[in-house]
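Participant:
Residue numbers (the working numbering): 3 to 365.
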(Lines of atoms letter the chains of each structure in order from A; the text may use other names.)
(Lines give C-alpha, C1' and ligand atoms only; values in the text may rest on other atoms or scores of the structure.)
Protein backbone atom coordinates (compact mmCIF):
# COMPACT_ATOMS: atom_id res chain seq x y z
CA UNK A 3 0.00 0.00 0.00
CA UNK A 4 2.79 2.38 0.94
CA UNK A 5 4.67 1.58 -2.27
CA UNK A 6 1.55 2.25 -4.36
CA UNK A 7 1.04 5.67 -2.67
CA UNK A 8 4.64 6.71 -3.20
CA UNK A 9 4.54 5.77 -6.85
CA UNK A 10 1.32 7.74 -7.37
CA UNK A 11 2.79 10.79 -5.64
CA UNK A 12 5.88 10.65 -7.84
CA UNK A 13 3.73 10.42 -10.96
CA UNK A 14 1.65 13.43 -9.89
CA UNK A 15 4.80 15.51 -9.22
CA UNK A 16 6.25 14.52 -12.59
CA UNK A 17 3.07 15.46 -14.47
CA UNK A 18 2.79 18.75 -12.61
CA UNK A 19 6.32 19.68 -13.51
CA UNK A 20 5.85 18.74 -17.14
CA UNK A 21 2.51 20.51 -17.49
CA UNK A 22 3.38 23.75 -15.68
CA UNK A 23 4.14 25.50 -19.00
CA UNK A 24 7.09 27.28 -17.42
CA UNK A 25 10.29 27.64 -19.42
CA UNK A 26 13.82 28.24 -18.17
CA UNK A 27 14.64 31.97 -18.04
CA UNK A 28 16.61 32.95 -21.09
CA UNK A 29 20.19 34.09 -20.40
CA UNK A 30 20.49 37.72 -21.59
CA UNK A 31 22.87 38.22 -24.46
CA UNK A 32 26.05 39.99 -23.37
CA UNK A 33 26.09 43.68 -24.16
CA UNK A 34 28.65 44.84 -26.63
CA UNK A 35 31.60 46.51 -24.90
CA UNK A 36 31.47 50.29 -25.09
CA UNK A 37 34.13 51.78 -27.33
CA UNK A 38 35.72 55.15 -26.72
CA UNK A 39 37.60 57.25 -29.20
CA UNK A 40 40.31 59.53 -27.82
CA UNK A 41 39.92 62.87 -29.52
CA UNK A 42 42.93 65.19 -29.49
CA UNK A 43 42.25 68.87 -29.84
CA UNK A 44 43.97 72.19 -29.26
CA UNK A 45 43.07 74.32 -26.22
CA UNK A 46 43.45 78.10 -26.48
CA UNK A 47 46.32 79.77 -24.62
CA UNK A 48 45.91 83.33 -23.37
CA UNK A 49 49.65 83.85 -23.13
CA UNK A 50 50.23 82.55 -26.66
CA UNK A 51 47.52 84.89 -27.99
CA UNK A 52 49.08 87.83 -26.12
CA UNK A 53 52.56 86.99 -27.43
CA UNK A 54 51.32 86.84 -31.01
CA UNK A 55 49.42 90.10 -30.63
CA UNK A 56 52.45 92.00 -29.28
CA UNK A 57 54.89 90.25 -31.61
CA UNK A 58 57.54 89.07 -29.12
CA UNK A 59 58.17 86.82 -26.12
CA UNK A 60 59.01 88.58 -22.84
CA UNK A 61 61.71 86.69 -20.98
CA UNK A 62 63.17 87.37 -17.53
CA UNK A 63 66.88 86.54 -17.20
CA UNK A 64 69.82 86.96 -14.84
CA UNK A 65 71.31 90.51 -15.01
CA UNK A 66 74.72 89.04 -15.79
CA UNK A 67 75.87 85.43 -15.30
CA UNK A 68 78.61 84.30 -17.71
CA UNK A 69 77.53 81.33 -19.77
CA UNK A 70 73.86 81.65 -18.86
CA UNK A 71 72.68 85.24 -19.44
CA UNK A 72 74.77 88.30 -20.24
CA UNK A 73 74.79 91.15 -22.77
CA UNK A 74 77.68 90.96 -25.24
CA UNK A 75 79.75 93.95 -26.37
CA UNK A 76 76.97 94.98 -28.75
CA UNK A 77 74.30 94.70 -26.07
CA UNK A 78 72.79 91.49 -27.50
CA UNK A 79 71.83 88.90 -24.89
CA UNK A 80 73.72 85.61 -24.96
CA UNK A 81 73.78 82.46 -22.87
CA UNK A 82 72.28 79.07 -22.10
CA UNK A 83 69.12 80.43 -20.42
CA UNK A 84 68.80 83.08 -23.12
CA UNK A 85 68.82 80.43 -25.86
CA UNK A 86 65.83 78.62 -24.40
CA UNK A 87 63.84 81.85 -24.55
CA UNK A 88 64.94 82.23 -28.17
CA UNK A 89 63.83 78.65 -28.81
CA UNK A 90 60.33 79.46 -27.52
CA UNK A 91 60.20 82.50 -29.81
CA UNK A 92 61.18 80.31 -32.77
CA UNK A 93 58.43 77.85 -31.83
CA UNK A 94 55.58 80.33 -31.39
CA UNK A 95 56.54 83.19 -33.73
CA UNK A 96 58.86 81.46 -36.22
CA UNK A 97 61.67 83.89 -35.35
CA UNK A 98 64.16 83.29 -32.53
CA UNK A 99 65.04 86.98 -32.44
CA UNK A 100 61.55 88.08 -31.43
CA UNK A 101 62.36 88.15 -27.70
CA UNK A 102 62.70 91.02 -25.28
CA UNK A 103 64.90 90.27 -22.30
CA UNK A 104 64.29 91.75 -18.87
CA UNK A 105 67.18 91.46 -16.37
CA UNK A 106 65.73 90.52 -12.98
CA UNK A 107 67.46 90.19 -9.61
CA UNK A 108 67.00 87.13 -7.44
CA UNK A 109 64.57 88.58 -4.88
CA UNK A 110 62.01 89.76 -7.47
CA UNK A 111 62.22 87.04 -10.11
CA UNK A 112 59.04 85.23 -9.02
CA UNK A 113 57.12 88.46 -8.41
CA UNK A 114 57.79 89.70 -11.93
CA UNK A 115 56.37 86.47 -13.34
CA UNK A 116 53.37 86.46 -11.01
CA UNK A 117 52.51 90.05 -11.96
CA UNK A 118 52.54 89.17 -15.65
CA UNK A 119 55.51 91.40 -16.48
CA UNK A 120 57.22 88.51 -18.27
CA UNK A 121 56.01 85.38 -20.10
CA UNK A 122 58.89 83.13 -19.02
CA UNK A 123 61.45 83.21 -16.25
CA UNK A 124 64.63 81.60 -17.58
CA UNK A 125 67.09 82.54 -14.90
CA UNK A 126 69.16 79.72 -13.31
CA UNK A 127 66.21 79.02 -10.99
CA UNK A 128 65.98 75.80 -8.98
CA UNK A 129 62.83 73.66 -8.97
CA UNK A 130 61.71 72.85 -5.42
CA UNK A 131 58.55 71.65 -3.68
CA UNK A 132 57.61 74.95 -2.08
CA UNK A 133 58.27 76.99 -5.21
CA UNK A 134 56.28 74.59 -7.36
CA UNK A 135 53.39 74.28 -4.91
CA UNK A 136 53.11 77.65 -3.20
CA UNK A 137 53.77 80.38 -5.75
CA UNK A 138 51.16 79.71 -8.43
CA UNK A 139 53.96 78.84 -10.87
CA UNK A 140 54.94 75.84 -13.00
CA UNK A 141 58.47 74.61 -13.60
CA UNK A 142 58.15 73.57 -17.23
CA UNK A 143 61.21 71.33 -17.61
CA UNK A 144 64.77 70.91 -16.38
CA UNK A 145 67.34 72.30 -18.77
CA UNK A 146 70.37 71.93 -16.48
CA UNK A 147 70.92 69.48 -13.63
CA UNK A 148 73.15 71.22 -11.12
CA UNK A 149 74.21 71.20 -7.48
CA UNK A 150 75.57 73.72 -4.99
CA UNK A 151 79.27 73.94 -4.34
CA UNK A 152 82.10 76.19 -3.16
CA UNK A 153 84.62 78.39 -4.96
CA UNK A 154 87.84 78.95 -3.01
CA UNK A 155 91.33 80.37 -3.62
CA UNK A 156 93.71 77.61 -4.63
CA UNK A 157 96.26 79.10 -2.22
CA UNK A 158 94.15 77.98 0.77
CA UNK A 159 94.93 74.36 -0.10
CA UNK A 160 91.46 73.15 0.82
CA UNK A 161 90.54 69.56 0.00
CA UNK A 162 86.93 69.68 1.20
CA UNK A 163 84.23 72.00 2.49
CA UNK A 164 84.52 70.07 5.77
CA UNK A 165 87.58 72.26 6.40
CA UNK A 166 85.63 75.53 6.31
CA UNK A 167 85.12 75.93 10.06
CA UNK A 168 84.94 79.64 10.87
CA UNK A 169 85.14 80.67 7.20
CA UNK A 170 83.39 83.74 5.80
CA UNK A 171 81.17 82.49 2.98
CA UNK A 172 79.57 84.79 0.42
CA UNK A 173 76.06 83.75 -0.65
CA UNK A 174 73.24 85.53 -2.46
CA UNK A 175 70.17 86.53 -0.47
CA UNK A 176 66.78 85.03 -1.24
CA UNK A 177 68.18 81.97 -3.03
CA UNK A 178 68.06 78.26 -2.37
CA UNK A 179 71.82 78.50 -1.86
CA UNK A 180 71.40 80.56 1.32
CA UNK A 181 69.11 77.94 2.92
CA UNK A 182 71.17 74.98 1.67
CA UNK A 183 74.31 76.46 3.20
CA UNK A 184 72.68 76.84 6.63
CA UNK A 185 71.29 73.27 6.50
CA UNK A 186 74.59 71.69 5.44
CA UNK A 187 76.75 73.35 8.11
CA UNK A 188 74.16 72.88 10.86
CA UNK A 189 73.86 69.15 10.10
CA UNK A 190 77.63 68.78 10.50
CA UNK A 191 78.04 71.02 13.50
CA UNK A 192 80.45 73.31 11.67
CA UNK A 193 80.45 77.03 12.50
CA UNK A 194 80.72 79.50 9.62
CA UNK A 195 80.05 83.18 8.95
CA UNK A 196 77.54 83.86 6.16
CA UNK A 197 78.16 87.04 4.16
CA UNK A 198 74.75 87.58 2.55
CA UNK A 199 74.68 89.89 -0.47
CA UNK A 200 72.03 91.07 -2.92
CA UNK A 201 73.46 89.70 -6.18
CA UNK A 202 75.90 87.23 -7.67
CA UNK A 203 77.90 90.14 -9.07
CA UNK A 204 78.32 91.59 -5.58
CA UNK A 205 79.31 88.18 -4.21
CA UNK A 206 81.99 87.91 -6.92
CA UNK A 207 83.30 91.37 -6.13
CA UNK A 208 83.51 90.71 -2.39
CA UNK A 209 85.11 87.32 -2.93
CA UNK A 210 87.78 88.68 -5.25
CA UNK A 211 88.54 91.56 -2.88
CA UNK A 212 88.84 89.39 0.23
CA UNK A 213 85.43 90.35 1.58
CA UNK A 214 84.84 86.65 2.17
CA UNK A 215 86.96 83.52 2.10
CA UNK A 216 84.71 81.32 -0.04
CA UNK A 217 81.83 81.86 -2.47
CA UNK A 218 78.93 79.36 -2.49
CA UNK A 219 76.34 79.00 -5.27
CA UNK A 220 75.30 76.52 -7.96
CA UNK A 221 78.41 74.95 -9.47
CA UNK A 222 77.54 76.22 -12.95
CA UNK A 223 77.25 79.76 -11.56
CA UNK A 224 80.59 79.39 -9.77
CA UNK A 225 82.20 78.29 -13.03
CA UNK A 226 80.76 81.37 -14.72
CA UNK A 227 81.99 83.64 -11.93
CA UNK A 228 85.46 82.11 -11.96
CA UNK A 229 85.75 82.71 -15.71
CA UNK A 230 85.58 86.50 -15.24
CA UNK A 231 87.93 86.79 -12.26
CA UNK A 232 91.29 88.46 -12.84
CA UNK A 233 93.13 85.16 -12.51
CA UNK A 234 90.66 82.27 -12.96
CA UNK A 235 93.33 79.59 -12.58
CA UNK A 236 94.04 80.78 -9.02
CA UNK A 237 90.62 79.54 -7.87
CA UNK A 238 89.18 76.03 -7.52
CA UNK A 239 85.70 74.59 -7.14
CA UNK A 240 85.79 72.18 -4.20
CA UNK A 241 84.60 68.60 -4.83
CA UNK A 242 81.69 68.83 -2.35
CA UNK A 243 78.18 69.01 -3.88
CA UNK A 244 75.76 69.84 -1.08
CA UNK A 245 72.40 69.89 -2.89
CA UNK A 246 70.38 68.98 -5.98
CA UNK A 247 69.51 71.97 -8.17
CA UNK A 248 67.33 71.21 -11.22
CA UNK A 249 67.32 74.44 -13.20
CA UNK A 250 64.89 75.43 -15.93
CA UNK A 251 62.25 77.85 -17.24
CA UNK A 252 59.27 78.84 -15.10
CA UNK A 253 55.80 80.01 -16.18
CA UNK A 254 52.56 80.99 -14.47
CA UNK A 255 50.32 78.13 -13.39
CA UNK A 256 47.15 79.58 -14.94
CA UNK A 257 47.90 78.64 -18.56
CA UNK A 258 48.66 74.92 -18.97
CA UNK A 259 48.94 75.17 -22.76
CA UNK A 260 51.67 77.82 -22.49
CA UNK A 261 53.43 75.58 -19.97
CA UNK A 262 53.21 72.71 -22.51
CA UNK A 263 54.63 74.93 -25.25
CA UNK A 264 57.65 75.89 -23.13
CA UNK A 265 58.06 72.30 -21.87
CA UNK A 266 57.95 70.71 -25.30
CA UNK A 267 60.22 73.35 -26.78
CA UNK A 268 62.87 72.17 -24.31
CA UNK A 269 62.09 68.55 -25.20
CA UNK A 270 62.46 69.31 -28.91
CA UNK A 271 66.09 70.35 -28.34
CA UNK A 272 66.75 67.12 -26.41
CA UNK A 273 65.03 64.95 -29.02
CA UNK A 274 66.98 66.79 -31.70
CA UNK A 275 70.25 65.68 -30.13
CA UNK A 276 68.94 62.15 -29.60
CA UNK A 277 67.98 61.89 -33.28
CA UNK A 278 71.35 63.23 -34.45
CA UNK A 279 69.99 66.54 -35.74
CA UNK A 280 71.82 69.87 -35.71
CA UNK A 281 71.00 73.39 -36.83
CA UNK A 282 73.13 72.72 -39.94
CA UNK A 283 71.64 69.35 -40.90
CA UNK A 284 67.98 69.72 -39.97
CA UNK A 285 66.91 71.27 -43.29
CA UNK A 286 68.28 68.32 -45.24
CA UNK A 287 66.82 65.88 -42.72
CA UNK A 288 63.39 67.37 -43.26
CA UNK A 289 63.69 66.48 -46.93
CA UNK A 290 65.35 63.08 -46.70
CA UNK A 291 64.64 61.50 -43.28
CA UNK A 292 62.97 58.09 -43.27
CA UNK A 293 62.92 57.60 -39.48
CA UNK A 294 59.28 57.96 -38.35
CA UNK A 295 60.10 59.92 -35.17
CA UNK A 296 62.29 62.39 -37.05
CA UNK A 297 59.55 62.91 -39.64
CA UNK A 298 56.97 63.46 -36.90
CA UNK A 299 59.21 65.88 -35.00
CA UNK A 300 59.92 67.98 -38.09
CA UNK A 301 56.28 68.08 -39.21
CA UNK A 302 56.81 66.05 -42.37
CA UNK A 303 54.12 63.41 -41.91
CA UNK A 304 51.82 64.78 -39.24
CA UNK A 305 50.90 68.17 -37.82
CA UNK A 306 51.56 67.85 -34.09
CA UNK A 307 51.99 71.60 -33.79
CA UNK A 308 48.23 72.02 -34.13
CA UNK A 309 47.73 70.46 -30.68
CA UNK A 310 49.57 73.42 -29.16
CA UNK A 311 48.14 76.02 -31.51
CA UNK A 312 51.48 76.22 -33.35
CA UNK A 313 52.56 75.90 -36.97
CA UNK A 314 53.37 72.53 -38.47
CA UNK A 315 57.11 73.36 -38.63
CA UNK A 316 57.48 74.74 -35.08
CA UNK A 317 59.95 72.09 -33.90
CA UNK A 318 61.93 72.37 -37.13
CA UNK A 319 62.27 76.12 -36.55
CA UNK A 320 63.54 75.56 -32.98
CA UNK A 321 66.37 73.30 -34.14
CA UNK A 322 67.15 75.27 -37.30
CA UNK A 323 67.36 78.65 -35.59
CA UNK A 324 68.64 77.77 -32.09
CA UNK A 325 69.98 74.22 -32.28
CA UNK A 326 69.69 70.86 -30.60
CA UNK A 327 70.55 70.61 -26.90
CA UNK A 328 74.19 69.63 -27.42
CA UNK A 329 74.77 72.71 -29.59
CA UNK A 330 73.18 75.02 -27.00
CA UNK A 331 75.26 73.45 -24.22
CA UNK A 332 78.57 73.47 -26.11
CA UNK A 333 78.53 77.09 -27.25
CA UNK A 334 77.40 78.57 -23.94
CA UNK A 335 78.86 76.49 -21.12
CA UNK A 336 80.63 73.50 -22.69
CA UNK A 337 83.57 72.77 -24.95
CA UNK A 338 83.14 75.83 -27.17
CA UNK A 339 82.81 78.28 -24.27
CA UNK A 340 85.15 79.78 -21.71
CA UNK A 341 83.52 77.70 -18.95
CA UNK A 342 84.44 74.30 -20.48
CA UNK A 343 81.91 72.44 -18.32
CA UNK A 344 81.52 68.69 -18.84
CA UNK A 345 78.10 67.33 -19.74
CA UNK A 346 78.01 65.18 -16.57
CA UNK A 347 74.40 64.79 -15.43
CA UNK A 348 73.35 66.79 -18.47
CA UNK A 349 74.33 64.05 -20.92
CA UNK A 350 71.62 62.10 -22.71
CA UNK A 351 70.18 59.08 -20.93
CA UNK A 352 71.66 56.79 -23.62
CA UNK A 353 75.06 58.46 -23.97
CA UNK A 354 78.26 56.38 -23.46
CA UNK A 355 78.47 58.08 -20.06
CA UNK A 356 74.72 58.37 -19.37
CA UNK A 357 73.23 61.45 -17.77
CA UNK A 358 69.73 62.44 -16.69
CA UNK A 359 68.65 64.17 -19.90
CA UNK A 360 65.49 62.54 -21.21
CA UNK A 361 62.47 63.61 -23.27
CA UNK A 362 59.13 61.76 -23.52
CA UNK A 363 58.27 60.15 -26.87
CA UNK A 364 57.12 62.49 -29.62
CA UNK A 365 53.98 60.78 -30.88
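C-beta: ideal position from N, C-alpha, C; glycine also.
Return the chain-ordered list of same chain residues with a C-beta closer than 7 Å to the C-beta of residue 346, the five sequence neighbours on each side being excluded.
Facilitator: By 1-based counting over the chain shown, the position of residue 346 is 344. Taken in chain order, the residues that qualify are 357.
Participant: Does the structure place the stretch 216-230 close enough to the stretch 64-79 that three or more beta carbon pairs sit under 8 Å?
Facilitator: Output reads yes: the stretch 216-230 touches the stretch 64-79.
Participant: Thinking C-alpha only, which one of 82, 259, 249, 294 is nearest residue 51?
Facilitator: Position 49 of the chain shown, counted from the start, is the residue given in the question as residue 51. Among 82, 259, 249, 294, the Cα nearest to that of residue 51 is on 259.
Participant: Work out the CA separation of residue 303 and residue 43 for me, nearest whole Å.
Facilitator: The residue you call residue 43 lines up with position 41 of the chain shown. The residue you call residue 303 lines up with position 301 of the chain shown. Approximately 18 Å between the Cα atoms of the pair.
Participant: At the level of alpha carbons, what is the spacing between residue 267 and residue 320?
Facilitator: Residue numbering aside, residue 267 sits at position 265 when the chain shown is read from its first letter. Residue numbering aside, residue 320 sits at position 318 when the chain shown is read from its first letter. If I take the Cα positions, the gap works out to 7 Å.
Participant: Under the DSSP definition of a beta bridge, which residues are partnered with residue 128?
Facilitator: In the chain shown, counting from the first residue as 1, residue 128 sits at position 126. BP columns for residue 128 point to 249.
Participant: List in chain order: all unbroken beta strand (DSSP E) runs of 3+ residues lying wholly within the stretch 244-299.
Facilitator: List check, beta strand (DSSP E) in window: 247-249, 252-254.
Participant: Among 194, 276, 88, 121, whose alpha-carbon lies nearest the alpha-carbon of residue 354?
Facilitator: On the chain shown, position 352 is the one that residue 354 refers to. Among 194, 276, 88, 121, the Cα nearest to that of residue 354 is on 276.
Participant: Assign residue 4 to one of three DSSP states: helix, strand, or coil.
Facilitator: Looking up residue 4 in the chain shown gives position 2. Bear in mind that a pLDDT of 40 at residue 4, under 50, signals an unreliable position, so the number given afterwards is only what the model happens to contain. Three-state result, residue 4: helix.
Participant: Return the chain-ordered list of same chain residues with a C-beta closer than 7 Å to the C-beta of residue 9, the five sequence neighbours on each side being excluded.
Facilitator: Walking along the chain shown from the start, residue 9 turns up at place 7. Confidence at residue 9 is low in this model, with a pLDDT of 40, below 50, so its placement is unreliable and the value that follows should be read with caution. Closer than 7 Å at Cβ, skipping near neighbours: no residue.
Participant: Using three-state DSSP, classify residue 95 as helix, strand or coil.
Facilitator: Walking along the chain shown from the start, residue 95 turns up at place 93. Helix at residue 95.
Participant: Can you give me the C-alpha to C-alpha distance between residue 208 and residue 63, rounded to a whole angstrom?
Facilitator: Locating residue 208 in the chain shown gives position 206, where the first residue counts as 1. Locating residue 63 in the chain shown gives position 61, where the first residue counts as 1. Going from the Cα of residue 208 to the Cα of residue 63 covers about 23 Å.
Participant: Using 10 angstroms around the beta-carbon of residue 191, count the other beta-carbons present and answer buried if the total reaches 16, otherwise exposed.
Facilitator: Taking the first residue of the chain shown as position 1, residue 191 is located at position 189. Looking at its Cβ environment, which holds fewer than 16 other Cβ atoms inside 10 Å, residue 191 is exposed.
Participant: Candidates 141, 349, 89: which alpha carbon is nearest residue 249's?
Facilitator: For the purposes of this step, residue 249 is identified with residue 247 of the chain shown, where counting begins at 1. Residue 249 has its Cα closest to that of 141, out of 141, 349, 89.
Participant: Roughly how many whole angstroms lie between the Cα atoms of residue 101 and residue 152?
Facilitator: For the purposes of this step, residue 101 is taken as residue 99 along the chain shown, with counting starting at 1. For the purposes of this step, residue 152 is taken as residue 150 along the chain shown, with counting starting at 1. For residue 101 and residue 152, the distance between alpha carbons rounds to 34 Å.
Participant: Sorted by chain position, which residues of the same chain lie with C-beta nearer than 7 Å to residue 23's C-beta, five sequence neighbours on each side aside?
Facilitator: Within the chain shown, residue 23 is the residue found at index 21, counting from 1. Its pLDDT being 45, under 50, residue 23 is placed unreliably by the model, and the measurement read from it follows with that caveat. Counting only Cβ-Cβ distances below 7 Å, and skipping sequence neighbours, we find nothing.
Participant: Give a yes or no on whether the C-beta atoms belonging to residue 300 and residue 318 are separated by under 8 Å.
Facilitator: Position 298 of the chain shown holds residue 300. Position 316 of the chain shown holds residue 318. Against a cut-off of 8 Å, the Cβ pair of residue 318 and residue 300 comes out as a contact.
Participant: Roughly how many angstroms lie between the CA atoms of residue 139 and residue 78, to the nearest whole one?
Facilitator: Position 137 of the chain shown holds residue 139. Position 76 of the chain shown holds residue 78. So the alpha carbons of these two residues sit roughly 28 Å apart.
Participant: Does the separation of the CB atoms of residue 162 and residue 241 fall below 8 Å?
Facilitator: The residue given as residue 162 occupies position 160 in the chain shown. The residue given as residue 241 occupies position 239 in the chain shown. Yes.
Participant: Where are the alpha helix (DSSP H) runs, 4 residues long or more, that stay fully inside the stretch 187-230, in chain order?
Facilitator: 202-210, 221-229, all fully within the stretch 187-230.
Participant: When the Cα of residue 183 is compared with those of 244, 124, 158, which residue comes out closest?
Facilitator: Position 181 of the chain shown, counting from 1, holds the residue named residue 183. Residue 244 is the option with its Cα nearest to residue 183.
Participant: Cα separation between residue 193 and residue 176?
Facilitator: Within the chain shown, the letter at position 191 stands for residue 193. Within the chain shown, the letter at position 174 stands for residue 176. Between residue 193 and residue 176, the C-alpha separation is close to 21 Å.
Participant: Can residue 257 and residue 48 be called in contact, C-beta distance under 8 Å?
Facilitator: For the purposes of this step, residue 257 is identified with residue 255 of the chain shown, where counting begins at 1. For the purposes of this step, residue 48 is identified with residue 46 of the chain shown, where counting begins at 1. Yes, Cβ-Cβ distance for residue 257 and residue 48 is below 8 Å.
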